[in-house]
Every structure is written in C-alpha cells, then in structure tokens.
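Using my numbering, read the sequence shown as starting at 221 and increasing by one per residue.
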Amino acid sequence: MPQNQEKLRAILADLHAQLAEADQLNAEERAQLQAALDEIQTKLGEKKSPAHEPTLARRLGEQTRHFEESHPAIYGTLGSLIDVLGQMGI
C-alpha cells in the first residue's frame, strides 16, 4: 500500500475516533464532516478529479475553517487529512 494511503487511513481512523468522542459538535457540524468523509471515500474510488473542479482538499479546508477555534483537535486532524489529500492530488 502506498505511503500516502497508509497515512490517509490512519488519519481517517483518528478523525472517526475524535468525532465519536466530540460531545460539543452540533448536528450541522456532524453532518458537514460526515458529508466530507463520504466524499473522500467516493474520491478514493475514482482515478482523478476533473481538472476544472476544485480539489477536495481545498474545499474541505474552506468548509472546516470554523473548527479551528471551537474544536482545535479535530481541526488539526482535518489539516493533516487535507495535506495528505493534496499530496494525492484529490
């Protein structure tokens, strides 16, 4: 398994664990993160994103900036996830 995929799986597992323990996430925040995780799974099954679409990493970064202050641990994990997705071209 390529190194980036191993990193991605580890980060996703960490994020799922953090989300399971995060009591202060409201329903909208949980839904937003779940939608992002679902999209990541879909993109991983595809070969490449169309060139005219913004990358998933960029869109995820824009959508999750508000977590920086309210949920810094989750935001840090999302940052790692975004970095790996960017390295993978997703």
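No residue lacks a Cβ here, since even glycine has one placed at the ideal position from N, Cα and C.
Item to check | N- and C-terminal bounds of the alpha helix (DSSP H) containing A230 | outcome: Mapped onto the sequence shown, residue 230 falls at position 10. Counting along the chain, the alpha helix (DSSP H) containing A230 begins and ends at 223-241.
Item to check | For L305 and F287, believed in contact at Cβ under 8 Å, the rounded distance | outcome: Translated into the one-based positions of the sequence shown, residue 287 becomes position 67. Translated into the one-based positions of the sequence shown, residue 305 becomes position 85. No, F287 and L305 are not in contact; Cβ-Cβ is about 16 Å, not under 8 Å.
Next on the checklist: The alpha helix (DSSP H) that contains I294, what's its start and end?
Outcome noted: Here residue 294 refers to the residue found at position 74 when the sequence shown is read from its first residue. It spans 292-308 - the alpha helix (DSSP H) in which I294 sits, taken as one unbroken run.
Next on the checklist: Restricting to Cα atoms, I'd like to know which of L280, I294, T262 is closest to A240.
Outcome noted: Within the sequence shown, the letter at position 20 stands for residue 240. Ranking the options by Cα distance to A240, first place goes to I294.
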